[in-house]
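A short worksheet on the structure shown next.
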Amino acid sequence: MSAVPSLGRIVHYQLTDEDADDINRRRDDYEAFQRSRTPVLPGQAGRDGHVAHVGTRVMAGNAFPAMIVRTYSGATDVNLQVHLDGNDTYWVTSSIEGDQPGTWHWPPRA
Numbered sequence: 051m052s053a054v055p056s057l058g059r060i061v062h063y064q065l066t067d068e069d070a071d072d073i074n075r076r077r078d079d080y081e082a083f084q085r086s087r088t089p090v091l092p093g094q095a096g097r098d099g100h101v102a103h104v105g106t107r108v109m110a111g112n113a114f115p116a117m118i119v120r121t122y123s124g125a126t127d128v129n130l131q132v133h134l135d136g137n138d139t140y141w142v143t144s145s146i147e148g149d150q151p152g153t154w155h156w157p158p159r160a
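In our numbering, the protein residues as written are 51 to 160.
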């Protein structure tokens, strides 16, 4: 019998093509913003409200650790915060257990 998903547990999530496109687009957008902005002069207030998405490029099929942040009664579908190789995370909703892109699975025992 498989373990029951519960809040705070770490699983592995496999990215889909759409996930990878979303993540890479956010990172590309931040790089473009950085190239286009003018530097803040000393003594001036800094700009705020921008979130830096910085990290290595991702591809469909890449697997990353993810924390279960919501469970649904009687179901194996969960919401996840995927921890990427960078300073950002990716929110996945209603993912089911499996071994295909877009699904999560328990990490293998070491």
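Ideal placement from N, C-alpha and C gives every residue a C-beta, glycine not left out.
Quick caveat, the model's predicted, so the values are computed rather than measured.
| Query | Result |
| --- | --- |
| Hey, would you say Ile73 sits closer than 8 angstroms to Pro115, going by beta carbons? | no |
| Who pairs with Gly129 in a beta bridge, going by DSSP? | It is Asn, not Gly, that sits at residue 129 in the sequence shown. DSSP, once it has assigned bridges, lists Arg120 as partnering Asn129. |
| Considering only heavy atoms of the ligand SAH, does any lie closer than 7 angstroms to the CB of Asp67? | In the structure shown, the ligand SAH is absent, as is every other ligand, since no ligand is present at all. |
| Is it the case that the segment 151-159 contacts the segment 78-89, given that we only count it when at least three CB pairs across the two stretches are under 8 angstroms? | no |
| Using three-state DSSP, classify Ala113 as helix, strand or coil. | strand |
| Does the Cβ of Asp69 have 16 or more other Cβ atoms within 10 Å, making it buried, or fewer, making it exposed? | buried |
| Are Asp165 and Gly105 touching if we call contact CB-CB under 8 angstroms? | Since the first residue shown for the chain is 51 and the last is 160, residue 165 is missing from the structure and cannot be characterised. |
| Taking Ile73 as part of the beta strand (DSSP E), name the residues at either end of that continuous run. | No beta strand (DSSP E) contains Ile73, which is instead part of the alpha helix (DSSP H) from Asp67 to Ser86. |
| Leaving out five residues on either side along the sequence, give the residues of the same chain with a beta carbon under 7 angstroms from the beta carbon of Thr126. | Pro55, Ile146 and Glu147 |
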